[in-house]
Amino acid sequence: MSHQQHDETWKKLHTHIDEWVAVSKTHTTEGRVASYIPELANASGDILGICMMDSEGRTILSGDSDFRFTLQSISKVFSLILALMDNGEDIVFSRVGMEPTGDDFNSMLKLELIEPGIPFNPLINAGAIAISSLIAGNSTDEQVNRILHFFRDIADNPMLSINQNVFKSESDTAHRNRSLAYFLKDNGVLDKEVDDVLRVYFSHCSIEVNCTDLARMALVLAHNGVDPIRKQRLIPRRFVQIAKTFMFTCGMYNASGEFAMNVGLPAKSGVSGSILTMVPGQYGIGIVGPALNRKGNSTAGVHLLGILSQEFDWSLF
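Be aware that the sequence shown starts at 169, since it is given in my numbering, and climbs by one per residue.
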């Protein structure tokens with residue numbers, strides 16, 4: 169994209185973003201706020217916010233962009249990257265596969281049915297639990313601190329922290345995730361204690377951000393691991409390629425194919441109603457809209473991204 173095209177796009181975004189957010193916000197009534205983690209149920213269902221950030225750090229904000237939320241499954245992208253940086257591809261992909269499942273994000277069905285009994289990919293819960301066990305550290309505290317500092321560096325925000333209320337709520341109600349973890353332990357995928365691994369997993373899911381933090385993190389991925397604002401490489405290019413490939417194929421749960429058809433950008437959603445996506449080489453985008461559809465994705469957020477992709481022909485397909 170030329171400088172002139174960028175300026176024209178940015179001007180059009182400034183002019184119309186509030187209008188598009190208002191249109192998409194009407195779709196919040198089609199979804200429901202996640203309640204299986206009780207603390208998440210406290211969010212209002214009519215929230216919709218967005219931040220877009222360009223390579224110079226300029227932002228466009230609209231709607232409820234200052235609303236704070238936890239990363240939830242979006243954190244799986246960055247825990248995967250950190251595990252790859254700590255261990256390399258061979259070790260990581262001996263514990264998780266590289267394929268979409270077509271099943272719900274918390275399903276354990278194929279762990280038992282299909283050999284070798286490792287999770288299909290790192291973005292389903294079982295896969296992310298396995299990845300959490302691979303974060304380097306001599307203790308659980310050290311693992312959690314390394315994750316938190318890594319996320320702070322990617323977001324360029326030293327104030328990021330773990331929402332302890334969400335962490336406790338997740339831990340207290342994590343019966344399915346505990347079942348997954350014990351199954352992985354029995355299959356030899358986990359070589360650490362289940363409770364220790366789950367503490368790491370719940371911790372990175374409970375890191376609290378806003379749309380600007382999310383857009384900043386997405387911007388680094390959009391530029392293949394280089395922070396274009398600080399002019400610093402934070403992630404090896406190959407590991408960003410891996411992460412973005414998983415985002416294309418698995419990032420929107422088992423609606424990833426539909427999202428690829430309608431939006432066509434690499435993305436990752438979380439059950440807090442958050443979506444991280446990007447226009448490669450151009451923009452980082454962070455969205456929050458807690459009302460979810462039956463696949464676990466933000467109803468209004470997905471609608472808004474559909475508008476933006478069509479208006480600016482952003483689909484990579």
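Glycine included, C-beta positions come from ideal geometry on N, C-alpha and C.
Computed from a predicted structure; not experimentally measured.
Test item: CB-CB of residue i and residue j under 8 Å
i	j	result
residue 450	residue 383	no
residue 357	residue 286	yes
residue 299	residue 248	yes
residue 265	residue 289	yes
residue 216	residue 189	yes
residue 370	residue 407	no
residue 301	residue 472	no
residue 393	residue 430	no
residue 259	residue 330	no
Proximal residues to residue i (C-beta, below 6 Å), its chain only, five neighbours per side dropped
i	result
residue 396	223
residue 186	230
residue 469	443, 455 and 457
residue 364	308
residue 198	467
residue 274	At residue 274, the pLDDT of 48 sits below 50, so the modelled position is not reliable and the matter cannot be decided from this model.
Spatial neighbours of residue i in its chain, beta-carbon cut-off 8 Å, leaving aside the 5 residues before and after
i	result
residue 432	477, 482, 483, 484 and 485
residue 250	303, 314, 315 and 318
residue 440	202, 208, 211, 237, 238, 239, 240, 456 and 458
residue 200	213, 459 and 460
residue 321	402
Residue i burial status per 10 Å Cβ neighbour count (16 or more: buried)
i	result
residue 350	exposed
residue 296	buried
residue 226	exposed
residue 170	exposed
residue 244	buried
residue 177	buried
residue 340	exposed
residue 359	exposed
residue 306	exposed
Cut-off 7 Å between Cβ atoms - residues of its own chain near residue i, not counting five sequence neighbours on either side
i	result
residue 417	268 and 424
residue 435	415, 419, 420, 427, 443, 444 and 445
residue 220	181, 227, 228, 383, 451 and 453
residue 463	421, 422 and 423
residue 206	337 and 341
Per-residue DSSP class, three states only, for residue i
i	result
residue 179	helix
residue 376	strand
residue 447	strand
residue 436	strand
residue 417	helix
residue 229	strand
residue 459	strand
residue 401	strand
residue 215	coil
residue 236	coil
residue 301	coil
residue 292	coil
residue 319	helix
residue 454	strand
residue 357	coil
residue 475	helix
residue 330	strand
residue 243	helix
residue 481	coil
residue 307	coil
residue 408	helix
Cβ-Cβ separation, residue j to residue i (assumed contact under 8 Å), whole Å
i	j	result
residue 233	residue 379	4 Å
residue 345	residue 366	6 Å
residue 252	residue 410	7 Å
residue 405	residue 324	The Cβ separation is near 19 Å, so there is no contact.
residue 438	residue 242	4 Å
heavy atom of the ligand ZN below 7 Å from residue i C-beta
i	result
residue 302	Ligands displayed in this structure: none; no statement on the ligand ZN is therefore possible.
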